[in-house]
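Novice: Would you mind keeping the following structure in view while I ask a few things?
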Amino acid sequence: MPFYTKAVSNSVRRSIFFCLSAMEETVELPSRLAILPFWNKVLLPGAVIRICCTSPSSVKLVEHELWQKEKKGLIGVLPVKDSEGAAVGSLLSSGIGSDSWEQGRKGEPNATGGFHKQDAKKPRELTHWHSRGVAARALHLSREVEKPSGRVTYVVVLEGLSRFNVQELSARGKYYVANINGLDLSSAGQSEVIIPCKLTNRCSLLEQAEQDPDFISLSRQFKATAMELISLLEQKQKLEGKKRFLLDTIPVYRLADILVASFEISFEEQLSMLDSVNLKVRLSKAIELVDQHIQSIRVAEKITQKVEGQLSKSQREFLLKQQMRAIKEELGDNDDCEDDVAAVERKMQNAGMPPNIWKLAQRELRRLKKMQPQQPGYNSSCVYLELLADLPWRKVSEEPELDLKAAKVSLDRDHYGLLKVKQRIIEYLAVRKLKPDAQGPVLCFVGPPGVGKTSLASSIASALSKKFIRISLGGVKDEADIRGHRRTYIGSMPGRLIDGLKWYCSHGSKNGMDTNDTYLKHFIACQLLPSSATRVLLLQCCRFAISSSAKRVAVRNPVMLLDEIDKTGSDVRGDPASALLEVLDPEQNKTFNDHYLNVPFDLSKVTFVATANRVQPIPPPLLDRMEVIELLGYTPEEKLKIALKHLIPRVLEQHGLSSQFLQIPEGIVKLIIQRYTREAGVRNLERNLAALARAAAVKVAEKDFMVHLGKDNHPKTSLMNTRLVDTAEVEMEVIPLSVDSQGISNSFSSASVMIIDEAMLEKVLGPPRFDEKETADRVATPGIVVGLVWTTFGGDIQFIEATTMVGKGDLHLTGQLGDVIKESAHIALTWVRARAADLNLSTAGDHIGLLEKQDIHIHFPAGAVPKDGPSAGITLVTALVSLFSQRKVRADTAMTGEMTLKGLVLPVGGIKDKVLAANRYGIKRVILPERNSKDLAEVPSAILAGMEVLLAFI
Numbered sequence: 001m002p003f004y005t006k007a008v009s010n011s012v013r014r015s016i017f018f019c020l021s022a023m024e025e026t027v028e029l030p031s032r033l034a035i036l037p038f039w040n041k042v043l044l045p046g047a048v049i050r051i052c053c054t055s056p057s058s059v060k061l062v063e064h065e066l067w068q069k070e071k072k073g074l075i076g077v078l079p080v081k082d083s084e085g086a087a088v089g090s091l092l093s094s095g096i097g098s099d100s101w102e103q104g105r106k107g108e109p110n111a112t113g114g115f116h117k118q119d120a121k122k123p124r125e126l127t128h129w130h131s132r133g134v135a136a137r138a139l140h141l142s143r144e145v146e147k148p149s150g151r152v153t154y155v156v157v158l159e160g161l162s163r164f165n166v167q168e169l170s171a172r173g174k175y176y177v178a179n180i181n182g183l184d185l186s187s188a189g190q191s192e193v194i195i196p197c198k199l200t201n202r203c204s205l206l207e208q209a210e211q212d213p214d215f216i217s218l219s220r221q222f223k224a225t226a227m228e229l230i231s232l233l234e235q236k237q238k239l240e241g242k243k244r245f246l247l248d249t250i251p252v253y254r255l256a257d258i259l260v261a262s263f264e265i266s267f268e269e270q271l272s273m274l275d276s277v278n279l280k281v282r283l284s285k286a287i288e289l290v291d292q293h294i295q296s297i298r299v300a301e302k303i304t305q306k307v308e309g310q311l312s313k314s315q316r317e318f319l320l321k322q323q324m325r326a327i328k329e330e331l332g333d334n335d336d337c338e339d340d341v342a343a344v345e346r347k348m349q350n351a352g353m354p355p356n357i358w359k360l361a362q363r364e365l366r367r368l369k370k371m372q373p374q375q376p377g378y379n380s381s382c383v384y385l386e387l388l389a390d391l392p393w394r395k396v397s398e399e400p401e402l403d404l405k406a407a408k409v410s411l412d413r414d415h416y417g418l419l420k421v422k423q424r425i426i427e428y429l430a431v432r433k434l435k436p437d438a439q440g441p442v443l444c445f446v447g448p449p450g451v452g453k454t455s456l457a458s459s460i461a462s463a464l465s466k467k468f469i470r471i472s473l474g475g476v477k478d479e480a481d482i483r484g485h486r487r488t489y490i491g492s493m494p495g496r497l498i499d500g501l502k503w504y505c506s507h508g509s510k511n512g513m514d515t516n517d518t519y520l521k522h523f524i525a526c527q528l529l530p531s532s533a534t535r536v537l538l539l540q541c542c543r544f545a546i547s548s549s550a551k552r553v554a555v556r557n558p559v560m561l562l563d564e565i566d567k568t569g570s571d572v573r574g575d576p577a578s579a580l581l582e583v584l585d586p587e588q589n590k591t592f593n594d595h596y597l598n599v600p601f602d603l604s605k606v607t608f609v610a611t612a613n614r615v616q617p618i619p620p621p622l623l624d625r626m627e628v629i630e631l632l633g634y635t636p637e638e639k640l641k642i643a644l645k646h647l648i649p650r651v652l653e654q655h656g657l658s659s660q661f662l663q664i665p666e667g668i669v670k671l672i673i674q675r676y677t678r679e680a681g682v683r684n685l686e687r688n689l690a691a692l693a694r695a696a697a698v699k700v701a702e703k704d705f706m707v708h709l710g711k712d713n714h715p716k717t718s719l720m721n722t723r724l725v726d727t728a729e730v731e732m733e734v735i736p737l738s739v740d741s742q743g744i745s746n747s748f749s750s751a752s753v754m755i756i757d758e759a760m761l762e763k764v765l766g767p768p769r770f771d772e773k774e775t776a777d778r779v780a781t782p783g784i785v786v787g788l789v790w791t792t793f794g795g796d797i798q799f800i801e802a803t804t805m806v807g808k809g810d811l812h813l814t815g816q817l818g819d820v821i822k823e824s825a826h827i828a829l830t831w832v833r834a835r836a837a838d839l840n841l842s843t844a845g846d847h848i849g850l851l852e853k854q855d856i857h858i859h860f861p862a863g864a865v866p867k868d869g870p871s872a873g874i875t876l877v878t879a880l881v882s883l884f885s886q887r888k889v890r891a892d893t894a895m896t897g898e899m900t901l902k903g904l905v906l907p908v909g910g911i912k913d914k915v916l917a918a919n920r921y922g923i924k925r926v927i928l929p930e931r932n933s934k935d936l937a938e939v940p941s942a943i944l945a946g947m948e949v950l951l952a953f954i
C-alpha cells in the first residue's frame, strides 16, 4: 500500500501551545469554509485531533481543501447532534506538550462517520447542525492508496484555531460549505460580538476585557484552579514542571479551552464551552469543569490508595505465612495444608462462579484459612470448596450446526430397525437445529432389556456433539441421591446429578501415583509375562481400566441419561421420584438446589433422556414431564441382521480375535436365536456369541505362537530364541506399547480358522434350551390353553391348565397369582356356567351340573414368577370350555384379551410384543380383541404374512 506524507508545519513535536498562541495573531478566517461534521463531538480552539478519513465525502474535502492547498488550507469543524444516538466515537484528544493521538472505537471510525450515509443533495435538517463551529488547519497529512482497489484514505492531524458562526450551509459536490462570521470576544455588555475578522478589532476587544475587574478576578481564580490541576497531574505522571510553565505563556482565554479539551466531558458540556464566547462566562464554565475533574482525580486516588493498601496487606500475610512454613519445617511439623488451600483458591478463581456464589465461596474460604487441619470441620469445608470450584458454572460444550443427514446415517449405522424411534429422534434434532435454545421434551425410552435404549441416548449425544453421562437410578430409595445430603450430616455428599457434572480427576495416592499410573504399571508388567496368549487377555483388561478411570463431563450442557427411572423406590428417607420433578421441569431446574451445595445451580442447559422397562411404576406427575417412546422387541430376522452387523464384530474385538480365527455362519446364528434365546432384545444373544468367542480364544491361546511385530517396532524376533546373557535371571519378550491387541491376535499366523458348526454349538452352549415341539407336547389334553402375556422383558407365552376333581364345587387357583387375575378366573367360570347350555356343556337350565360333586383347579405354570392382569380372560374361558367339553385346543393357537361378565372382549396392551412372542414360539394362529386391530399396524408385515389373526368381540 503506497503511503505519502506531507508535513504541513515545520515540527509537529514542538509545543503545540506555542504554535496556537503564535498562529492566533496571523490567521484571518475567510468568509466561506468547507465543513467537516463531527458527530456528537466538539473540537475546541487549541485542541489537536487525529482523524482517519475514509468516506467519499471526507476524502474529497481533504483532497481539495487541505492536500492541494497545503499550508493555506483551512476547514471548518461543525458539531452535529445525532438524534438517533449514532456517534462517531471518542475521537477528540488534546496533546499538552506531546503529539496528538487518536482515540477511536473498534472499526477505525472517521470524522465523517454517518455524514457520508446521507444523500449529498439533501442535507440533514439544520436543527441537527450546531450553529457554531471551530476553524481548523492541518498540522500533518498522510495519504494511503489501497491496492488493487485504488481506494484513497487520509490521516489528518487537525488543530483548532478560532470560533465562527454559521450563516448559511450549502452543498458543494460531495461535501458542504458554509458562509461564516468570526466570533470575537467580549467581557461586558452583550454576550458575543460578531464582527469581520480583523486583527485590529480583536486586539482592542482583548485590551478592554483585560481591564474589567470581574474578568481579572475570574482569571486569578481560574489560574489557581488550573495550577491545582497541573500539580495533581505532575504528581500523578511525575512530570518536572513542564505543564506549569504553560500558565505564564498562554493567554487565559486560550488556556480555558485547552484545559477543558484535555479531559473527558459530556457532549452537552462541550457545546456549552463552545458557545461561551463571553470571556467571563467561559472562565466560569471552565472553573466549574476543571474543579469537577480535580474532584474525580482525588476520588480515584483514594480508591487507588485503598487498593494498594489491601495489596500491601496481602503481601504482608504472604510473608508471614512463608515464615510460619519455615518454622514448621525446622520443628518437623511440616504439612501441605497451606498448599492445599492455595490450590483450592486458584481453582476457585478459575471456576467462573456467579457473583452471589463467589461471595459465599469467599466467606467459606476465609473460614477455612482460620481453621487448623486438626479441627473437625476442616476436611468438610475443603471438600465443599473443591466441589464449588469443580462445577462447570460457565463451561459448555461447543455445539456445531446439526447435520440431520449425518445424524440419520449415524443412527442407521448404530441401530438396526426402530424406524419410528429414529424418526422421532430426527424430529427432536430438527427442532434443536432451528431453535437451539428450545426447551424440548424429556424423551423417555420404554422397552424390554436389550433393545438399545441406552445406546440411543448415546447416539443423541453424539448427534448433538455433547458429552454423555449415565446416571443409574435402579434401586435408589433415598431422596438424598438426587438432592444430596445436608452438610450437617457426617459423610454428606452431593447428589448424583451435581456429582456427575463436576470436573473429575483421579485423586493420587500417598506415594504420588494416581490411578492411571497404577494401571500403567500393570500394563507394563503384563508385557513381561512369558505367555503371549495370557498377555492378550490381561492387556485388554488394563486398557479398559485406563479408559474408564475418569467419567465426569465437566460441562453444564451434557446429555444426561437417567437410566432405569421406573425402578426408584421410596421409604422413610424420602421419595427420589418426587425430587426428580424439579430436575425434569424446565421452569424449575434453572435454580436447582442441591442440599449439599446449598446454592442454586442451573440445570436448564442439560439435555435429559430417561429409560424404563415399564411405564406403570412411574408416578403420574413424573410421567407427565416426559414423552414416552416405546421400543418393542425385535423379530428373529431383525436379530439375525443385528448379530451379523453389530454383535459378532464387537464380540470378536472384545476378545482379541478376528475373522481369521473365528467364523460364525448365518445358519448357526439362526439356531442360536431359535434354540437358545427367546427374548425381546439381543442381550442373551450377545452372551451366547461371547461364549463361542471365549471357546475360540482358549483354542488359539493354547497354541501359544510367537508374536511377530511390524516393521515400525524395534524387536522383530522373539527373545525366546536368543541366548540369555550371563546376568539374566528370567527370559522375556518385550512388546512395545504401540502394539494393540488386534495386532497381537493377528500375529498367530499358524492358527487355523475355527468355523462354528452345530456340534460345536451344542458343545459350548449345551443342549438347546427351547424346543419347537414344546407347545404341541404340552397342549395334548383338554383344558390346556396357550395365552399371550407381556412382561418387563417383552412378550411371552403362558400356559394355563385346568382340571376337575371330586369335591364340593370350589375353584382353586395356583401359580402365585394377583387379585386381578383371580377375579378374571371367577368371571370366566361364571360366564361358562351361565352359557353352558349354549355351548352344549349341559342340558338347558342345569347350570349347577358342571360343578356337581367336583372342584375345579386352574394352574399357571412357572409358579415362582408373580402373575397378574386382566388379559388372561378369554384364555381362562377357553381352558374351562375345553375342560368341560373334553375337546383339545389347537397347539398352534394362542390368545389374549380381557373378558367381561357379559362376554365382551375388551382391548389389552402390548399387542406387538405378544404377537412377536407367538412368532418366536412357532405359533401360527392368534386370537386378539377386535378393538386391538389398530395395533397390528405396528407388527412387521413379514410376521403377519405367516400368521393367522382372529379378532374376537363377544
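Note that the sequence shown covers residues 1 to 954 in full-length UniProt numbering. Beta carbons: idealized from backbone N, C-alpha and C, even for Gly. Since the model is a prediction, treat every value here as computed from it, not as a measurement.
Could you please give me the residues that DSSP links to Phe608 through a beta bridge?
Specialist: Met560
Novice: Closest to Lys912 by C-alpha separation, out of Asp796, Gly76, Leu904, would be which residue?
Specialist: Asp796
Novice: With burial defined as no fewer than 16 other Cβ atoms inside 10 Å of the residue's Cβ, what is the status of Thr878: buried or exposed?
Specialist: buried
Novice: Look up Met754 in the DSSP assignment and give the residues it is bridged to.
Specialist: Leu662
Novice: Please state whether DSSP places Pro782 in a helix, a strand or coil.
Specialist: coil
Novice: How many Å lie between Ala577 and Lys822 at the Cα?
Specialist: 31 angstroms
Novice: Quick one: Cα of Glu774 to Cα of Lys699, how far?
Specialist: Whole-angstrom Cα-Cα distance: 35 angstroms.
Novice: Please state whether DSSP places Glu948 in a helix, a strand or coil.
Specialist: strand
Novice: With His857 as the anchor, note down where its beta strand (DSSP E) starts and where it stops.
Specialist: 854-859
Novice: Using 8 angstroms for Cβ pairs, my map puts Ile498 next to Leu597. What's the rounded Cβ distance?
Specialist: Confirmed, Cβ separation roughly 6 angstroms.
Novice: Would the C-beta of Glu564 count as close to the ligand NAP, meaning under 8 angstroms from any of its heavy atoms?
Specialist: No copy of the ligand NAP occurs in the structure displayed, which carries no ligand at all.
Novice: Looking at the structure shown, is Ser458 part of a helix, part of a strand, or coil, going by DSSP?
Specialist: helix
Novice: Using only alpha-carbon positions, find the residue among Phe799, Arg346, Ile858, Leu841 that is nearest to Leu813.
Specialist: Ile858
Novice: Taking DSSP's pairing of strands, which residues face Gln798 in a bridge?
Specialist: Gly787
Novice: Going by CA-CA distance only, name the one from Ala286, Asp563, Leu906, Thr488 that's closest to Pro449.
Specialist: Asp563
Novice: Asn179 by DSSP, collapsed to three states: which one?
Specialist: strand
Novice: Helix, strand or coil: how does DSSP classify Asn932 here?
Specialist: helix
Novice: Taking 7 angstroms as the limit between beta carbons, can you name the residues of its chain near Asn589, skipping five residues before and five after?
Specialist: Glu582, Val583, Leu603, Ser604
Novice: Would Ile800 be called buried (16 or more neighbouring beta carbons within 10 Å of its own) or exposed?
Specialist: Buried.
Novice: Candidates Glu930, Ile664, Glu762: which alpha carbon is nearest Ile755's?
Specialist: That would be Ile664, whose Cα lies nearest to the Cα of Ile755.
Novice: Taking 9 angstroms as the cut-off, decide whether the C-beta atoms of residue 955 and Glu146 are in contact.
Specialist: Examination of residue 955 is not possible in this model, given that the chain is present from 1 through 954 alone.
Novice: To the nearest angstrom, report how far apart Glu228 and Ile294 are at their CA atoms.
Specialist: 8 angstroms
Novice: Note the first and the last residue of the continuous beta strand (DSSP E) segment covering Gln167.
Specialist: 152-172
Novice: Measure the C-alpha to C-alpha separation of Asp838 and Trp831 and round it to an integer number of angstroms.
Specialist: 11 angstroms
Novice: Start and end of the alpha helix (DSSP H) containing His826?
Specialist: 819-834
Novice: Check the DSSP bridge columns for Val80 and list the partner residues they point to.
Specialist: Trp39, Trp129
Novice: Between the stretch 876-895 and the stretch 776-784, are three or more C-beta pairs nearer than 8 angstroms?
Specialist: yes
Novice: What does the alpha-carbon distance come out to for the pair Gly76 and Ile51?
Specialist: 14 angstroms
Novice: Whose C-beta lies closer than 6 angstroms to the C-beta of Arg925 among residues of the same chain, with five residues either side of it excluded?
Specialist: Residues of the same chain with a CB within less than 6 angstroms of the CB of Arg925, apart from the 5 flanking positions on each side, are Asp892, Thr893, Glu948 in chain order.
Novice: Which residues does DSSP list as the beta-bridge partners of Gly681?
Specialist: Partner(s): none; Gly681 has no beta bridge.
Novice: Name the two residues that bound the continuous beta strand (DSSP E) containing Glu630.
Specialist: 626-630
Novice: Which same chain residues, not among the five before or five after Phe164, have their C-beta less than 8 angstroms away from its C-beta?
Specialist: Leu29, Leu33, Gly76, Arg132, Gly133, Val134, Ala135, Ile180, Asn181, Gly182, Leu183
Novice: Could you pull out every unbroken beta strand (DSSP E) segment of at least 3 residues lying fully inside the stretch 408-460, listed in chain order?
Specialist: 442-446
Novice: Using three-state DSSP, classify Gly766 as helix, strand or coil.
Specialist: coil
Novice: What ranges does the beta strand (DSSP E) occupy inside the stretch 344-368, keeping only unbroken runs of at least 3 residues that lie completely in it?
Specialist: none
Novice: So, Tyr416 versus Lys763, is the Cβ gap smaller than 9 angstroms?
Specialist: no
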